[in-house]
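Chemist: Using the working numbering, read the sequence shown as starting at 304 and increasing by one per residue. All residues carry an ideal CB built from backbone N, CA and C; glycine is no exception. The structure displayed is predicted, hence computed values, not measured ones. Dropping the structure in here first, questions after.
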Amino acid sequence: MKLHIDEIEIRHIRMRLRSPFQTSFGVELDRDCIILCLRSDGIEGWGECVASSFPGYNYETAETARHVLRDFFIPTILGDWIEDVQSYQDRIGHYRGHNLARAGLEMALWDLFGKARGQSLSAMLGGVRTSVPVGVSIGIKEDEASLLEIVSDYINQGYRRIKLKIKPGRDIAVVKPVRENHPELLLQVDANSAYELSHAPIFQSMDDLNLVLIEQPLAEDDIIDHRQLQAQLKTPLCLDESILCLRHARQALQLEACRIINIKPGRVGGLSEAVRIHDFCRAKEVPVWCGGMLETNIGRASNLALASLPGFTLPGDISASDRYYEIDIAEPSFSLNEDSTIDVPEGPGLGVSVEVEALDHFTLRKETWKA
Ligand code: OSB
Ligand code: MG
Numbered sequence: 304m305k306l307h308i309d310e311i312e313i314r315h316i317r318m319r320l321r322s323p324f325q326t327s328f329g330v331e332l333d334r335d336c337i338i339l340c341l342r343s344d345g346i347e348g349w350g351e352c353v354a355s356s357f358p359g360y361n362y363e364t365a366e367t368a369r370h371v372l373r374d375f376f377i378p379t380i381l382g383d384w385i386e387d388v389q390s391y392q393d394r395i396g397h398y399r400g401h402n403l404a405r406a407g408l409e410m411a412l413w414d415l416f417g418k419a420r421g422q423s424l425s426a427m428l429g430g431v432r433t434s435v436p437v438g439v440s441i442g443i444k445e446d447e448a449s450l451l452e453i454v455s456d457y458i459n460q461g462y463r464r465i466k467l468k469i470k471p472g473r474d475i476a477v478v479k480p481v482r483e484n485h486p487e488l489l490l491q492v493d494a495n496s497a498y499e500l501s502h503a504p505i506f507q508s509m510d511d512l513n514l515v516l517i518e519q520p521l522a523e524d525d526i527i528d529h530r531q532l533q534a535q536l537k538t539p540l541c542l543d544e545s546i547l548c549l550r551h552a553r554q555a556l557q558l559e560a561c562r563i564i565n566i567k568p569g570r571v572g573g574l575s576e577a578v579r580i581h582d583f584c585r586a587k588e589v590p591v592w593c594g595g596m597l598e599t600n601i602g603r604a605s606n607l608a609l610a611s612l613p614g615f616t617l618p619g620d621i622s623a624s625d626r627y628y629e630i631d632i633a634e635p636s637f638s639l640n641e642d643s644t645i646d647v648p649e650g651p652g653l654g655v656s657v658e659v660e661a662l663d664h665f666t667l668r669k670e671t672w673k674a
């Protein structure tokens with residue numbers, strides 16, 4: 304089925320988080336992202352590009368994504384007929400980098416094709432589950448007591464897996480009391496590249512805390528030192544920032560630099576590559592899970608669809624909508640089931656409907672191009 308891309312709209316939006324989110328690379332009170340809308344013969348396809356206001360997670364920002372989308376990626380499809388999502392990836396294949404921008408437009412195309420074909424994203428990707436196990440990612444807190452309180456609160460809400468952000472000086476002393484208070488909890492940590500190999504003793508001291516995994520302890524471009532660190536630990540290392548494509552995943556596993564992979568469609572340039580990494584890991588019996596980027600309900604719907612694939616055996620960083628924002632820009636809002644799962648949307652495409660009034664409220668800048 305060929306679709307004509309009549310119009311494309313991109314918006315830079317900013318939404319206040321319910322509570323500030325602190326990682327080893329910075330604090331976010333507000334979360335920026337780019338929302339895309341494609342129009343084709345009366346059908347709209349929506350996408351969310353997860354680049355934020357500053358180059359902390361990776362080098363991209365909402366503004367670099369806006370530039371790259373507007374000047375390079377959008378012109379390859381605007382005013383043209385497009386047969387499928389792969390043909391978009393082929394058209395931009397000669398450009399380098401900017402995976403978050405790439406993935407944002409790809410998501411809008413998946414939504415558009417899903418709606419045109421009357422198929423859910425989960426069905427298009429090969430999903431097999433109607434609900435997926437999830438957990439919550441907790442930012443770095445000022446004091447230990449408030450962290451313990453927050454952890455208990457999420458457990459009471461029904462979350463059975465918790466991820467703690469760590470950084471040098473806020474690691475073992477923070478993680479140990481959480482483990483002591485909750486011996487049965489699925490607990491994991493994420494360093495967002497804040498450490499060096501010389502910090503290995505810190506990770507060795509966590510090795511008896513029965514953590515599910517340690518996420519991205521070292522630099523994003525350092526597979527070699529991750530291999531050295533993994534060799535010294537029982538606890539599996541999991542790579543996030545280091546894995547930008549299937550080749551990176553294959554090589555990291557081959558070198559035993561990690562035993563688990565966090566798959567974020569944004570970071571790997573879209574859902575297509577995310578599915579390829581999933582398929583490869585599944586064949587190798589390597590567990591994967593779906594990471595999160597504090598998405599709105601648009602990106603959350605996409606993550607839920609991806610996590611419905613059979614190889615996503617560990618709980619994803621996909622929390623209920625109420626964990627993130629007071630008011631969201633799309634419906635329905637996602638809630639946590641009693642078994643720490645969230646239901647996968649079933650409607651065509653992403654299966655969400657955008658609330659344009661709310662979206663307008665959060666829009667800093669909007670640009671529209673017609674064919
Ligand atoms: O490293 O997983 C990460 C949020 C922003 C940037 C990086 C990360 C995160 C999270 C949030 O951990 C997870 C979520 O969306 O709930
Ligand atoms: Mg991470």
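Measuring alpha carbon to alpha carbon, tell me which of Phe583, Asn606, Ala497, Glu487 ends up nearest Arg473.
Modeler: Residue numbering aside, residue 473 sits at position 170 when the sequence shown is read from its first letter. Answer by Cα proximity: Ala497.
Chemist: Below 9 Å between beta carbons: does that hold for Met427 and Ile601?
Modeler: As a position in the sequence shown, residue 427 is number 124, starting the count at 1. As a position in the sequence shown, residue 601 is number 298, starting the count at 1. No, the Cβ-Cβ distance between Met427 and Ile601 is not below 9 Å.
Chemist: Could you give the residue range of the alpha helix (DSSP H) that holds Ser575?
Modeler: The count along the sequence shown starts at 1 and reaches residue 575 at position 272. 574-586 is the extent of the alpha helix (DSSP H) around Ser575.
Chemist: Thinking C-alpha only, which one of Leu540, Val589, Gln531 is nearest Phe615?
Modeler: Against the sequence shown, residue 615 aligns to sequence position 312. Ranking Leu540, Val589, Gln531 by Cα distance to Phe615 puts Val589 first.
Chemist: Under the DSSP definition of a beta bridge, which residues are partnered with Phe615?
Modeler: Mapped onto the sequence shown, residue 615 falls at position 312. Note: Phe615 sits in a beta bridge opposite Val591.
Chemist: With a threshold of 8 Å, establish whether the CB of Gly295 neighbours any heavy atom of the ligand OSB.
Modeler: Because the chain is modelled from 304 through 674, residue 295 falls outside the range shown and cannot be assessed.
Chemist: First and last residue of the alpha helix (DSSP H) that includes Thr367?
Modeler: If you number the sequence shown from 1, residue 367 lands on position 64. First-last of the alpha helix (DSSP H) with Thr367: 365-371.
Chemist: Which of helix, strand or coil does DSSP assign to Ile601?
Modeler: On the sequence shown, position 298 is the one that residue 601 refers to. Helix.
Chemist: Quick check: does the Cβ of Arg579 come within less than 8 Å of any heavy atom belonging to the ligand OSB?
Modeler: On the sequence shown, residue 579 is found 276 positions in, with the first residue counted as 1. No - the ligand OSB has no heavy atom lying nearer than 8 Å to the Cβ of Arg579.
Chemist: Using 10 angstroms around the beta-carbon of Met509, count the other beta-carbons present and answer buried if the total reaches 16, otherwise exposed.
Modeler: Residue numbering aside, residue 509 sits at position 206 when the sequence shown is read from its first letter. Burial call: buried.
Chemist: If you count every other CB in all the chains shown that lies within 10 Å of the CB of His664, and 16 or more means buried, which is it?
Modeler: Against the sequence shown, residue 664 aligns to sequence position 361. His664 is exposed by the Cβ-count criterion.
Chemist: Since Arg464 and Ser643 are thought to touch, with beta carbons under 8 Å apart, how far apart are those beta carbons, to the nearest angstrom?
Modeler: As a first step, residue 464 is located in the sequence shown; it is residue number 161 there, counting from the start. As a first step, residue 643 is located in the sequence shown; it is residue number 340 there, counting from the start. Right, the Cβ-Cβ distance comes to about 7 Å (below 8 Å), so this counts as a contact.
Chemist: Closest by CA to Leu662, which one among Trp413, Ile338, Arg553?
Modeler: Within the sequence shown, the letter at position 359 stands for residue 662. Per the Cα distances, Ile338.
Chemist: Taking the Cβ atom as the reference point for each residue, do Gly619 and Gly595 lie within a distance shorter than 9 Å?
Modeler: By one-based count along the sequence shown, residue 619 stands at place 316. By one-based count along the sequence shown, residue 595 stands at place 292. Yes, they are a contact pair.
Chemist: Using beta carbons (cut-off 9 Å, strictly below), is Met318 in contact with chain D?
Modeler: In summary, chain D is missing from the structure at hand, where a single protein chain is found.
Chemist: Going by the C-beta, is Gly691 closer than 8 Å to any heavy atom of the ligand OSB?
Modeler: One cannot answer for residue 691 here, as it falls past the ends of the chain, which runs 304 to 674.
Chemist: Between the C-alpha atoms of Arg570 and Ser545, what's the straight-line distance to the nearest angstrom?
Modeler: In the sequence shown, counting from the first residue as 1, residue 570 sits at position 267. In the sequence shown, counting from the first residue as 1, residue 545 sits at position 242. Cα to Cα, the separation comes out at about 9 Å.
Chemist: Using a Cβ-based criterion (distance less than 8 Å to any ligand heavy atom), does Gln519 qualify as near the ligand MG?
Modeler: The residue given as residue 519 occupies position 216 in the sequence shown. Under cutoff, so the answer is yes.
Chemist: Would you call the region 383-392 and the region 566-580 in contact, with 3 or more CB pairs under 8 Å?
Modeler: yes
Chemist: Assuming Arg314 is part of the alpha helix (DSSP H), what are its boundary residues?
Modeler: To locate residue 314, count along the sequence shown from 1; it is residue 11. Premise fails: Arg314 lies in the beta strand (DSSP E), 310-326, not in any alpha helix (DSSP H).
Chemist: Please list the terminal residues of the continuous beta strand (DSSP E) segment that includes Asn436.
Modeler: By one-based count along the sequence shown, residue 436 stands at place 133. According to the sequence displayed, residue 436 carries Pro and not Asn. Counting along the chain, the unbroken beta strand (DSSP E) around Pro436 starts and ends at 434-436.
Chemist: What would DSSP say about Gln491, mapped onto helix, strand or coil?
Modeler: Taking the sequence shown and counting its residues from 1, one reaches residue 491 at position 188. Here Gln491 sits in strand by DSSP.
Chemist: Which residue's Cα is closest to the Cα of Asp335: Ser356, Arg321, Ser343, Lys470?
Modeler: Position 32 of the sequence shown, counting from 1, holds the residue named residue 335. That would be Ser356, whose Cα lies nearest to the Cα of Asp335.
Chemist: Would you tell me roughly how many angstroms separate the C-alpha atoms of Lys669 and Ile564, rounded to the nearest one?
Modeler: For the purposes of this step, residue 669 is taken as the residue at position 366 of the sequence shown. For the purposes of this step, residue 564 is taken as the residue at position 261 of the sequence shown. So the two alpha carbons sit approximately 35 Å from each other.
Chemist: According to DSSP, simplified to helix, strand and coil, what is Glu728?
Modeler: Here the chain covers residues 304 to 674 and nothing more, so residue 728 does not appear.
Chemist: For Leu532, report the span of its alpha helix (DSSP H) as first-last.
Modeler: Numbered from 1 along the sequence shown, position 229 holds the residue referred to as residue 532. Looking at the DSSP string, the run of the alpha helix (DSSP H) that includes Leu532 is 526-534.
Chemist: In this structure, how does DSSP classify Val388 when only helix, strand and coil are distinguished?
Modeler: In the sequence shown, counting from the first residue as 1, residue 388 sits at position 85. Three-state result, Val388: helix.
Chemist: Would Lys418 and Gly348 qualify as a contact pair, given that the criterion is a beta-carbon distance under 9 Å?
Modeler: Position 115 of the sequence shown holds residue 418. Position 45 of the sequence shown holds residue 348. Lys418 places its beta carbon less than 9 Å from that of Gly348.
Chemist: Could you give the C-beta distance for Lys702 and Ser449, rounded to a whole number, given that I count them as a contact under 8 Å?
Modeler: No answer is possible for residue 702: it lies beyond the span of the chain, which begins at 304 and ends at 674.
Chemist: My output table needs one value for Ile441: the three-state DSSP class, helix, strand or coil.
Modeler: What you label residue 441 is simply residue 138 of the sequence shown in a count that begins at 1. Note: Ile441 maps to strand in three-state DSSP.
Chemist: Within a Cβ cutoff of 8 Å, which residues of the same chain sit near Phe543, ignoring the five residues on either side of it in sequence?
Modeler: Within the sequence shown, the letter at position 240 stands for residue 543. Before going further, note that residue 543 is Asp rather than Phe in the sequence given. Closer than 8 Å at the Cβ level, and outside the excluded window around Asp543, lie Asp493, Asn495, Glu518, Gln519, Asn565, Lys567, Arg570, Gly594.
Chemist: Quick one: using the 10 Å Cβ neighbour count with 16 as the cut-off for buried, is Val371 buried or exposed?
Modeler: As a position in the sequence shown, residue 371 is number 68, starting the count at 1. It counts as buried.
Chemist: For Trp592, is the classification buried or exposed, using 16 other Cβ atoms within 10 angstroms of its Cβ as the cut-off for buried?
Modeler: For the purposes of this step, residue 592 is taken as residue 289 along the sequence shown, with counting starting at 1. Buried, by the Cβ-count rule.
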